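Peer 1:
As structure tokens, then:
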């Protein structure tokens with residue numbers, strides 16, 4: 001079939017048909033759905049095309065034909081084939097380190113080239129600028145919680161390229177590139193769930209072709225679709241990509257909604273989600289202990305325990321029993337904290353990694369501006 005469809009070099013987007021067919025054969029419907037926004041143009045064999053002039057009359061309309069024909073013979077010569085390669089394609093290959101979809105509109109390609117070319121000219125790495133570490137205010141004091149800070153730092157250093165690529169969401173060429181970006185996103189989400197609740201990336205919302213029908217949270221459009229639907233939002237995303245902490249402005253609004261919308265606090269998912277995509281039972285028990293505490297905290301710190309998954313969490317007998325065990329351990333001082341592999345200064349010497357500590361031994365990230373009242377389980 002491919003040999004029939006690919007008879008003319010002017011055809012475009014055939015690789016997307018390959019990707020869709022391959023994904024469907026592998027029963028990977030999500031991967032196939034990623035390509036349904038792609039442009040596919042099938043052009044017939046050159047020998048079957050007219051080189052110019054007016055198309056022949058259809059037999060249905062021949063009797064009523066009123067127009068006159070030109071007696072000038074049509075120009076001869078082969079059908080024009082678009083010239084392969086351009087300055088734009090060369091710039092994409094030189095400055096952008098991922099394959100932009102061939103079917104992406106020129107405006108998207110030009111915008112991406114400009115973004116990366118400008119960053120390189122200024123000696124900047126876009127992911128590092130959009131997701132900085134040094135000098136940023138944390139939700140906790142790193143000197144009081146050094147292990148939490150170390151886990152946070154490692155996850156942030158490993159994940160911020162994934163944060164940036166997902167937040168920018170340029171249409172990619174081929175299943176391999178798209179699958180690689182999804183894997184990076186999945187790894188980053190797993191780190192977010194596995195780590196301390198105070199380290200945060202607010203992006204990672206699903207694409208519009210991927211969420212289940214039950215999902216009611218924010219979605220992300222790739223840049224091609226965004227340009228077509230909302231050119232102002234398209235330009236805003238490009239501006240946000242150049243600024244710290246702005247690219248995920250359309251992501252999850254707060255921690256409780258993120259945990260609920262992603263199913264991370266679902267205590268009875270019946271094995272439908274991978275273990276790394278939800279909190280462990282011990283973590284859920286700690287969450288339950290916190291949200292049912294009498295300590296007064298801002299509303300956005302916890303979910304509404306009278307509805308949805310937050311209510312399900314309070315009703316889970318398994319989690320309630322574990323909560324009682326953990327509460328006793330905390331009161332007795334026998335609660336065992338998770339351990340973390342010791343910090344190696346060589347970790348800070350890797351390219352594009354912000355140092356964990358300054359030369360004076362102080363953390364490069366800062367404690368919160370507003371001190372939070374001490375928490376007590378007694």
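In our numbering, the protein residues as written are 1 to 378. The beta-carbon is built from N, C-alpha and C at its ideal position, and this holds for glycine as well. What you are looking at is a predicted structure, and each value in this text was computed from that prediction instead of being measured.
What is the rounded straight-line gap between the Cα of residue 315 and the Cα of residue 95?
Peer 2: In the chain shown, the residue the question calls residue 315 occupies position 315. In the chain shown, the residue the question calls residue 95 occupies position 95. Straight-line Cα distance between these residues: approximately 53 angstroms.
Peer 1: Considering only the beta carbon of each residue, do residue 238 and residue 127 sit closer than 8 angstroms?
Peer 2: Here residue 238 refers to the residue found at position 238 when the chain shown is read from its first residue. Here residue 127 refers to the residue found at position 127 when the chain shown is read from its first residue. No, they are not a contact pair.
Peer 1: Look at the alpha carbon of residue 80 and the alpha carbon of residue 105, and state the distance between them as a whole number of angstroms.
Peer 2: Along the chain shown, one-based indexing puts residue 80 at 80. Along the chain shown, one-based indexing puts residue 105 at 105. In this predicted model, residue 80 has a pLDDT of only 48, less than 50, meaning its place in the structure is not dependable; the value taken from the coordinates is given anyway. Cα-Cα distance, rounded: 21 angstroms.
Peer 1: Just the C-alpha distance for residue 356 and residue 203, rounded to the nearest angstrom, thanks.
Peer 2: Translated into the one-based positions of the chain shown, residue 356 becomes position 356. Translated into the one-based positions of the chain shown, residue 203 becomes position 203. So the alpha carbons of these two residues sit roughly 23 angstroms apart.
Peer 1: Sorted by chain position, which residues of the same chain lie with C-beta nearer than 8 angstroms to residue 391's C-beta, five sequence neighbours on each side aside?
Peer 2: Missing from the structure shown is residue 391; the chain here goes from 1 to 378 and no further.
Peer 1: Below 8 angstroms on the Cβ atoms is my guess for residue 136 versus residue 362; work out the distance and round it to an integer in Å.
Peer 2: Position 136 of the chain shown holds residue 136. Position 362 of the chain shown holds residue 362. 14 angstroms between Cβ atoms; not a contact.
Peer 1: Run the CB neighbour count on residue 331, radius 10 Å, all protein chains shown included, and call it buried at 16 or more, exposed below.
Peer 2: Locating residue 331 in the chain shown gives position 331, where the first residue counts as 1. Exposed, because fewer than 16 other Cβ atoms sit within 10 Å of the Cβ of residue 331.
Peer 1: Under the rule that 16 or more other beta-carbon atoms within 10 Å means buried, what is residue 100, buried or exposed?
Peer 2: Looking up residue 100 in the chain shown gives position 100. Classification of residue 100: buried, given that the 10 Å Cβ count is 16 or more.
Peer 1: Which one of 109, 92, 328 and 244 has the shortest CA to CA distance from residue 160?
Peer 2: On the chain shown, position 160 is the one that residue 160 refers to. Comparing Cα-Cα distances from residue 160 to each of 109, 92, 328 and 244, the minimum goes to 244.
Peer 1: How many Å lie between residue 225 and residue 293 at the Cα?
Peer 2: For the purposes of this step, residue 225 is identified with residue 225 of the chain shown, where counting begins at 1. For the purposes of this step, residue 293 is identified with residue 293 of the chain shown, where counting begins at 1. Approximately 45 angstroms, taken between the alpha carbons.
Peer 1: Could you tell me how far apart the beta carbons of residue 163 and residue 201 are, in whole angstroms, since I believe they sit closer than 8 angstroms?
Peer 2: To locate residue 163, count along the chain shown from 1; it is residue 163. To locate residue 201, count along the chain shown from 1; it is residue 201. With 8 angstroms as the limit, residue 163 and residue 201 qualify as a contact, their Cβ atoms being about 5 angstroms apart.
Peer 1: Who are the near neighbours of residue 279 in its chain, counting only those whose CB is closer than 8 angstroms to its CB and skipping five residues on each side?
Peer 2: Locating residue 279 in the chain shown gives position 279, counting from the first residue. If we look at residue 279 and ignore the five residues flanking it on each side, its Cβ neighbours are 193, 259, 264, 265 and 287.
Peer 1: List, from N- to C-terminal side, the beta strand (DSSP E) runs of 3 residues or more that fit wholly inside the stretch 287-321.
Peer 2: Within the stretch 287-321, no complete beta strand (DSSP E) run reaches 3 residues.
Peer 1: By DSSP, does residue 369 sit in helix, in strand, or in coil?
Peer 2: Locating residue 369 in the chain shown gives position 369, where the first residue counts as 1. It is coil, neither helix nor strand.
Peer 1: If you follow the alpha helix (DSSP H) that residue 257 is part of, which residue opens it and which one closes it?
Peer 2: By 1-based counting over the chain shown, the position of residue 257 is 257. Unbroken alpha helix (DSSP H) run through residue 257: 255-261.
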